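*Asks:*
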Amino acid sequence: MKLSTRIALAVGASVPLLVLASGWLLLHLVAGDLRTHQDAQLRARATVVAKNAKAYLDVAGTGHPLLEQVRRRRLINSARDVGVRLTGPGDPLSAGPQPEPYPTLPRSAPNPVTVTSGGQDWQVLSLRVGAAKEGTTPNLWLLSPDTAEDELALVRRRVLTGALLAAALGGAAAWAIAARAVRPLRRLQRRTSGLDPRTSTARLEHTPTRVAEVDDLAYTVQTVLARYDEQVARTGEALATARAFAATASHELRTPLMSMRTNLDILTDHPALDPEDRAEVLDDLGHEHARLLGLLVMLKALAQGDLIEADAFTALDLAELVDASVSDLRRTHPAAEVSVRATTGVRVHGWEQGLRSAVDNLLTNAWAHGRAEDGVARIEVTLRLSGDPQQPTAILTMDDHGPGIPPERREEIFQRFRRGPDSPGSGLGLTLVAQQVALHRGRITVSDRPAGRSGTRFELYLPATGIPDGEYTLPLLHRDWLTGIPERAPLGLFTKRT
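In terms of the numbering used here, the sequence shown opens at residue 3 and continues consecutively.
Here you go:
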């Protein structure tokens with residue numbers, strides 16, 4: 003059923019109900035007013051009639067027939083259209099309209115009462131007039147036909163007629179108004195009926211109609227389609243990441259697995275192998291196993307970064323995170339000399355697991371490649387806030403004492419599987435760092451240690467502005483860190499300095 007038809011039926015049903023309810027209230031009010039008016043008229047007439055009745059009784063039976071006749075006529079004329087019955091000495095006097103058959107009248111009724119006779123209601127008022135004579139007390143009754151019920155019946159008929167007319171006219175008017183009012187909705191329905199996100203990239207183009215409900219519905223449809231597109235894109239990225247993970251894992255794991263297979267064959271085929279050679283083969287197996295495990299961990303971390311959503315980002319204390327990473331490095335590599343200078347209360351909005359892995363990999367990279375000439379890994383870590391109050395930035399600096407990185411290779415080291423010939427790592431540690439920098443809207447710089455000293459300095463810059471939970475949005479990046487880093491890094495992500 004159309005919306006306009008529903009509105010017309012609703013109005014057609016509700017309007018007569020409202021008319022009937024109003025008519026019922028009107029009937030009660032009119033009935034009360036009519037009763038009050040009739041009673042007031044009867045009391046006002048009684049005042050005049052009672053005065054003339056007393057004057058008539060004063061001369062009745064006194065031997066003055068002419069005067070008695072004049073006062074009798076005056077009494078009857080003062081009653082007009084009201085019935086009068088007067089009892090006293092002599093015969094009762096009756097004039098005007100009288101009920102038929104004659105009912106029993108109340109002896110005393112200073113206020114009008116209703117008496118029914120022959121199926122008709124009469125308003126009766128009873129008064130005592132004059133003093134008692136000859137053992138009887140004169141009594142005056144005024145009787146008036148109750149015409150209020152006839153008038154109320156007329157009002158009822160008109161209310162019912164009005165309700166029937168209002169139902170028809172209200173329904174027709176409501177249908178016409180509703181049909182015009184839903185035109186923008188019909189146009190919106192026609193525009194959206196041909197949209198199929200599965201087969202077409204066409205999307206809803208809506209011009210504001212100044213009808214709030216229609217505009218809100220159109221914006222909702224646009225939002226739904228936009229979210230559909232976003233989810234389709236994210237699903238595509240997830241599928242690409244899954245395929246890339248499988249392809250990359252199968253390709254990169256082949257070498258360590260083949261090496262391990264070779265070593266196992268040597269141990270199997272030569273049970274009487276020289277102890278020194280056997281120890282070397284076992285050491286090589288352990289090395290390849292560690293490399294294999296590290297590669298799997300890094301691939302998993304990169305895949306998580308490619309699929310992370312904005313709701314995983316919360317406010318973090320970066321100083322606490324750095325302290326935890328340094329403590330882990332000191333525990334796993336007790337020979338490393340690590341010094342930390344961190345400003346407390348440096349907070350960023352980030353993904354805790356991702357930032358932790360980035361700091362861990364920077365420390366591991368400094369431990370593996372930043373050893374001094376004496377073979378000791380010395381690492382200086384500094385965390386501070388920039389001095390710009392308008393745009394505060396958390397700056398994490400990490401210095402090592404290694405041979406340094408040539409300027410032409412400083413962007414290359416962030417690319418996937420780029421590792422030196424003697425590197426014990428997987429070639430993905432700095433790639434994961436670059437991924438997290440991009441996800442957190444930051445940048446990272448690579449330079450020599452200051453004052454011409456040997457070594458490499460990494461500086462990680464992260465926005466330190468507070469963002470309420472739930473309001474963070476991920477940067478618009480094509481997240482393909484697992485499938486491969488582009489030849490040129492995104493502008494602003496890496497900065498080379500000499």
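Ideal Cβ positions, reconstructed from N, Cα and C, are used throughout, including at glycine. This one's a predicted model, so the numbers in the text were calculated from it and none came from an experiment.
Does the segment 141–148 come close enough to the segment 78–85 to have 3 or more Cβ pairs within less than 8 Å?
*Replies:* Verdict: yes, contact present.
*Asks:* Can you name the start and end residues of the alpha helix (DSSP H) that Ala396 belongs to?
*Replies:* Note, Ala396: premise wrong, no alpha helix (DSSP H); beta strand (DSSP E) at 395–402.
*Asks:* Give a yes or no on whether the minimum CB-CB distance between Leu357 and chain B is below 8 Å.
*Replies:* The structure shown has no chain B; it contains just one protein chain.
*Asks:* Output the distance between the C-alpha atoms of Glu290 and Leu259, rounded to the nearest integer angstrom.
*Replies:* If you take the alpha carbons of Glu290 and Leu259, they lie about 8 Å apart.
*Asks:* Just list the beta strand (DSSP E) runs in the segment 110–163, keeping only unbroken ones of 3 residues or longer that don't cross its boundaries, in chain order.
*Replies:* Whole beta strand (DSSP E) segments, 3+ residues: 111–119, 122–130, 141–147.
*Asks:* DSSP puts Ala374 in a beta bridge; with which residues?
*Replies:* Answer is none; Ala374 lacks a bridge partner.
*Asks:* Between Glu278 and the rest of its own chain, which residues show a CB-CB distance below 8 Å, the 5 nearest in sequence each way excluded?
*Replies:* Here the set comprises nothing.
*Asks:* I'd like to check one pair, Ile407 with Leu432: are the Cβ atoms closer than 8 Å?
*Replies:* For Leu432 and Ile407, no; Cβs fall outside 8 Å.
*Asks:* Going straight from the alpha carbon of Leu435 to that of Val361, what length do you get?
*Replies:* The sequence shown places Val at residue 435, not Leu. Using only the alpha carbons, I get a separation of about 8 Å.
*Asks:* Taking only the alpha-carbon atoms, compute the straight-line gap between Lys56 and Asn113 and give it to the nearest angstrom.
*Replies:* When rounded, the distance between both Cα atoms is 19 Å.
*Asks:* Beta-carbon within less than 7 Å of Ser327's beta-carbon, same chain only, minus the 5 sequence neighbours each way: which residues are those?
*Replies:* Contacts found: Arg358, Val361, Asp362, Leu365.
*Asks:* Just mark His351 as buried or exposed, buried being the case when its beta carbon has 16 or more other beta carbons within 10 Å.
*Replies:* Buried is the call here.
*Asks:* List the whole-angstrom C-beta distance separating Asp401 from Arg333, where the pair is believed to meet the contact cut-off of C-beta under 8 Å.
*Replies:* Actually they do not touch by this definition, with Cβ atoms about 21 Å apart.
*Asks:* Per DSSP, what are the beta-bridge partners of Val340 in this structure?
*Replies:* DSSP output for Val340 lists Ile381 as bridge partner(s).
*Asks:* Pairing CB atoms from the segment 378–392 with CB atoms from the segment 337–345, are three or more of them under 8 Å?
*Replies:* The segment 378–392 is in contact with the segment 337–345.
*Asks:* Note down, in chain order, each residue of its chain lying with its Cβ closer than 6 Å to the Cβ of Leu320, except the 5 sequence neighbours on either side.
*Replies:* So the list reads Val348, Val350, Ala396, once near-sequence residues are dropped.
*Asks:* Could you give the distance in angstroms between the alpha-carbon of Asp390 and the alpha-carbon of Ala337?
*Replies:* Answer to the nearest angstrom: the Cα atoms are 38 Å apart.
*Asks:* Once DSSP output is grouped into helix, strand and coil, what is the label at Ala274?
*Replies:* Correct three-state label for Ala274: coil.
*Asks:* Within the same chain, show all residues whose beta-carbon is closer than 8 Å to that of Leu275, passing over the 5 residues directly before and after it, in chain order.
*Replies:* The answer, listed in chain order, is Ile268, Leu269, Val283.
*Asks:* With respect to 7 Å, is the separation between the Cβ of Gly347 and the closest non-hydrogen atom of the ligand FMN below this value?
*Replies:* Among the components of this structure there are no ligands whatsoever, and the ligand FMN is therefore not found.
*Asks:* Mind checking which residues open and close the alpha helix (DSSP H) that includes Ile446?
*Replies:* Note, Ile446: premise wrong, no alpha helix (DSSP H); beta strand (DSSP E) at 445–450.
*Asks:* What distance in whole Å lies between the Cβ atoms of Arg418 and Gly404, which are believed to be in contact at a cut-off of 8 Å?
*Replies:* Their Cβ separation, rounded to whole angstroms, is 22 Å, which puts Gly404 and Arg418 out of contact at 8 Å.
*Asks:* Please identify the residue among Leu318, Thr38, Ile78, Gln233 whose C-alpha is closest to the C-alpha of Pro99.
*Replies:* The option with the nearest alpha carbon to Pro99 is Ile78.
*Asks:* Taking the Cβ atom as the reference point for each residue, do Ala10 and Ala155 lie within a distance shorter than 8 Å?
*Replies:* No.
*Asks:* Would you kindly check if the distance between the Cβ of Lys135 and the Cβ of Gly90 is under 8 Å?
*Replies:* Closer than 8 Å, so yes.
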